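Student: Quick one: this structure, given as structure tokens, is what I'll be asking you about.
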Amino acid sequence: MAPAGQRLGFYVSLLKRQLNGGPDVISCGRRVIPRCTRGIYSATGQWTQEYTLQTRKDVEKWWHPRIKEQASKISEADVINPMGWDAFGLPAENAAIERNLHPESWTQSNIKYMRKQLDRLGLCFSWDREIATCLPDYYKWTQYLFIKLYDAGLAYQKEALVNWDPVDQTVLANEQVDEHGCSWRSGAKVEQKYLRQWFIKTTAYAKAMQDALADLPEWYGIKGMQAHWIGDCVGCHLDFELKVDGQVTGEKLTAYTATPEAIYGASHVAVTPSHRLLHGHSSLKEAFRKALVPGKDCLTPVTAVNMLTQQEVPVVISARADFEDSLDSKIGIPSTSSEDTIVAQTLGLSYSKVIETLPDGTERLSGSAEFTGMNRQDAFLALTQKARRKRVGGDVTSGKLKDWLISRQRYWGTPIPMVHCPACGPVPVPLEDLPVTLPRITSFTGKGGSPLATASEWVNCPCPRCRGAARRETDTMDTFVDSAWYYFRYTDPRNTHSPFDTALADHWLPVDLYIGGKEHAVMHLFYARFFSHFCHDQKMVKHREPFHKLLAQGLIKGQTFRLPSGQYLRREEIDLTGSVPVHAQTKEKLEVTWEKMSKSKHNGVDPEEVVEQYGIDTVRLYLLFAAPPEKDLLWDVKTDALPGVLRWQQRLWSLATRFIEARAAGEVPRPQLLSSQEKAEARKLWEYKNTVISQVTAHFTEDFSLNSAISHLMGLSSALLQAPQRVLLHSPEFEDALCALMVMAAPMAPHITSELWAGLALVPRKLCAHYAWDAGVLLQPWPAVDPQFLQQPDVVQMAVLINNKACGQVPVPQQVARDQDKVHELVLQSELGARLLQGRSIKKAFLSPRTALINFLVQE
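Here it is in structure tokens:
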């Protein structure tokens, strides 16, 4: 089970609220601005000098429920930030079997516990939009969409290979088969077995999905991965009826060709020796096996009738173990393939040459029925269109993309809403009878195929069409089917009449930002795009693509310890006292690696324990600061990242404390009292503030590098701490920069900034009137760059980082701000460069012109 939301969603959506001028809280038709809740400072009348562990606990205890209350009142006019649970699937069923629990109770207890963990981290979601894929009010609509796919000819059954445990008599997922090819439970050698399975014809949308990639923004390499997964869409599959001795067998075969326009020149259909016709439950299996001679192209007694052209050609078993792109069947067309020519000539097969080359080099069709005389491109389009219209193939796709096998022989999943009737064949459950709910099964053995098959009262049912005796489908769906359309349901989660309202979906979608782990960059993203394209064609939504921007975030990895046998050890089984970790009992040396957190690998971290030790804001800042969002994060609190964010919170506290005490001392702030030098210092703060606002805003809204955003805010904090006392007391620039700092830090560290803002709000004689001091920090508008700053001469304030830490700024002429060598030289010549970089060994420098940042990596 995984939350259908990701680690940056909260921060980005909260920022979006602020960028749009702050939210309106509507009550009884009037605009109500919530008054700022007092902090622990205003409650006690005493401002704590140091941000101690106890202060942190007091602050977070005070503000945690208040921030939740604020979030619940925020209008959804600008953004929704939902959360849901992808809660069906194999892990939950296996865990239930191990614990002798029902999967439903196990899953619901996990959801309750994970909600508590998310709440403990101070994450505020639109819980009124919460979904869980295992609830009937959700999977009813998954079944509805499946039936829509079936009615459109995009859901079908065919035989396919599965992993079969001969001892437990059950189908295994790939992850249940170990590296030795044995079952995870029984230890038996897993067999490859053909079973009749349900598929969704994703290949029907391959070309449309491939073409649509060009219109999407850059996805940091993910578009290339999607394109590679789909492959080059240059051909199509066509359907054939199979005959033996001139008699129709009732069996069909689908084969691929990269040149369908030349189909009238086909000589044969070739299948590989591993094809299902030789190994499954086909009535033709013996005929094929008798014809097989390993290592040779073999003519069989089976012929294939093209259901589009009515041409009849022989079926050949290829000498090759597989074809290009892992195809197991293809149409042989000598006119366009020298390899097919050799096969046809070797076996004495007849064929026609159907492509003529004109003197000007143009190729056109001959001997091709109504396509004769067309050029190849026009013939390709016309023929594939006709095949699609007659539903005998023709979807333009690649040779490598496979249709989506969704059958799972498991209980804990969405029941496939089909009934098998001896007279009518497969019949969909009427829409008005949905959902087909899971029967209550109390005993889970994991043996004997799908547990649903044991629920006889549920399985046996009347056929929806003829009312005769029939049986329900006992396979459930792959969990990716449930999670491939959840973004639609979020727009209308309580709809009882349809999966979602079209108007609401059109209002909220496409999703502004898809945040997913790298493991979702291909499969889940592909399936979600497929459903969106399908729903568009069903007139359910106006857009084809579901997501605009995309961020493939890295994994959070924990340290693992393994014995040479491969067994993972718990921490209490490891001796860490020596120079290298060893097994506490055997003293064997261990293999130490970083891997995705998993219970089975004993490298997970309980968020509640970490929060208790370090605090909510510290954990949030550590997660964001320790690595760029697209990189893997190694959970190691011994690195510089954790002390860094702890020190920063202490600096923020000291900064606000210094300001509060200065203003509370009684001296009236008077900007006119500043000397020219002090005014120059204030001017520098004003320029630095504007630069940081520009950079941090870009990181929040463009590249989502919140680690860099924190670095910039740390730099601004340091500059404010270094400001002279009179600048702090008398300059509006200091006060404004301090306030902007708190507002920008608030989405990432809401508790400490809420307390500091409450303290600042009580300070008398403020010089900045453009903040809503009677509202909390999370309800302030996002700081904007001052117009005067934008009108300055063409000088860029280049932020300087050393080993990823912000150190200050250097003014650089705009005309050279994109030239790394020149920027490098100007920084070294500056006072800051002379002070911090002179005499140090610079290994490398990285320039980011868009964010006006140069990062020097130096030898420590």
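Take UniProt numbering: the last position of the sequence shown gets the number 860, and nothing is skipped along the way.
The C-beta atom is built at its ideal place from N, Cα and C for all residues, glycine as well.
Here the structure is a predicted model, which is why all the values come from computation and not from measurement.
As a quick exercise: from M798, L213, L836, pick the residue whose alpha carbon is nearest that of P849.
Tutor: It is M798.
Student: Is D506 near V541, with beta carbons less than 8 Å apart?
Tutor: yes
Student: Do you know offhand how far residue 917's Cα is from L550's?
Tutor: An answer regarding residue 917 cannot be provided, because it is not within the stretch 1 to 860 covered by the chain.
Student: Run through DSSP, which three-state label would I441 get?
Tutor: coil
Student: How far does the alpha helix (DSSP H) with G715 in it extend, from its first residue to its last?
Tutor: 706-721
Student: State the DSSP-derived secondary structure class of H275, mapped to helix, strand or coil.
Tutor: Coil.
Student: Ordered along the chain, which non-local residues of its own chain (more than five positions away) have a Cβ less than 6 Å from that of A745?
Tutor: Counting only Cβ-Cβ distances below 6 Å, and skipping sequence neighbours, we find L713, T753.
Student: Tell me which residues share the same chain as P783 and place their Cβ nearer than 7 Å to its Cβ, disregarding the 5 neighbours each side in the sequence.
Tutor: I693, A740, V743, M744
Student: What's the gap between the Cα of M374 and the Cα of L365?
Tutor: 6 Å
Student: Taking three-plus beta-carbon pairs below 8 Å as touching, is the stretch 98-113 in contact with the stretch 468-488?
Tutor: No: the two stretches stay apart, fewer than three of their Cβ pairs being nearer than 8 Å.
Student: I'd like the ranges of any alpha helix (DSSP H) spanning at least 4 consecutive residues and lying wholly in the UniProt domain "Leucyl-tRNA synthetase editing" (228-357).
Tutor: Unbroken alpha helix (DSSP H) stretches of 4 residues or longer found wholly inside the UniProt domain "Leucyl-tRNA synthetase editing" (228-357): 276-279, 285-291, 338-347, given in chain order.
Student: Have a look at the DSSP bridge pairing and note the partners of Q192.
Tutor: BP columns for Q192 point to N163.
Student: Can you have a look at R620 and say buried or exposed, based on whether 16 or more other CB atoms are within 10 angstroms of its CB?
Tutor: buried
Student: How big is the Cα-Cα spacing for F856 and A680?
Tutor: 28 Å
Student: Around the C-beta of S27, are 16 or more other C-beta atoms found within 10 angstroms, so that it is buried, or is it exposed?
Tutor: Reliability fails at S27, whose pLDDT of 23 lies under 50, so the model's placement of it is uncertain and no value is given.
Student: Under a Cβ-count criterion, where at least 16 other Cβ atoms within 10 Å of its own Cβ denotes burial, should I342 be classed as buried or exposed?
Tutor: exposed
Student: Can you tell me which of Y264, V313, L452, L438 puts its alpha carbon nearest to the alpha carbon of G367?
Tutor: For G367, the nearest C-alpha among the options comes from Y264.
Student: Alpha carbons only, please: which of M307, L292, P294, A453 is nearest the one belonging to L253?
Tutor: Here the closest residue by C-alpha is M307.
Student: With a threshold of 6 Å on Cβ separation, who are the neighbours of S72 within its own chain once the five nearest residues in sequence on each side are excluded?
Tutor: none
Student: Would you call the CB atoms of K244 and P301 closer than 8 Å?
Tutor: Rather than Lys, the amino acid found at residue 244 in this sequence is Val. In contact: V244 and P301 (Cβ atoms closer than 8 Å).
Student: Between the Cα of L242 and the Cα atoms of V592, S407, Q672, K285, which residue gives the shortest distance?
Tutor: Nearest of V592, S407, Q672, K285 to L242, Cα basis: K285.
Student: Would you call H497 buried or exposed, if buried means 16 or more other Cβ atoms sit within 10 Å of its Cβ?
Tutor: exposed
Student: Taking 8 Å as the cut-off, does the stretch 717-731 touch the stretch 652-672 (at least 3 CB pairs, one atom from each stretch)?
Tutor: yes
Student: Taking Cβ to Cβ, would you say L847 is nearer than 8 Å to S711?
Tutor: Result no, Cβ atoms of L847 and S711 do not sit closer than 8 Å.
Student: Could you name the residues that DSSP lists as bridge partners for Y51?
Tutor: BP columns for Y51 are empty, so no partner.
Student: Could you pull the DSSP bridge partners for K583 from this structure?
Tutor: Note on residue identity: the sequence assigns His, not Lys, to residue 583. Answer by DSSP bridge pairing, in chain order: I574.
Student: Could you compute how far the alpha carbon of G459 sits from the alpha carbon of F625?
Tutor: For the sequence presented, residue 459 should be read as Val rather than Gly. Distance between the alpha carbons of V459 and F625 is about 53 Å.
Student: With DSSP collapsed to three states, give me the class of C28.
Tutor: Model confidence at C28 stands at a pLDDT of 27, short of 50, so the residue's coordinates are unreliable and nothing is read from them.
Student: Taking the DSSP output, what are the residues bridged to Q559?
Tutor: W594
Student: Which of helix, strand or coil does DSSP assign to D512?
Tutor: D512 sits in a strand when the DSSP states are folded into three classes.
Student: Find the nearest neighbour of H533 within the set L145, L101, Q788, K68, judged by alpha-carbon distance.
Tutor: Per the Cα distances, L145.
Student: Quick one, which of H583, G604, G578, H543 has its alpha-carbon nearest L555's?
Tutor: G604
Student: Quick check: what's the CA-CA separation for T691 versus L706?
Tutor: 16 Å
Student: So, is Q247 buried or exposed, given that buried needs 16 or more other C-beta atoms within 10 angstroms?
Tutor: exposed
Student: Taking C-beta to C-beta, are E93 and Y411 nearer than 8 Å?
Tutor: A contact, by the Cβ cut-off of 8 Å.
Student: Taking the continuous beta strand (DSSP E) assigned at H548, which residues delimit it?
Tutor: 547-553
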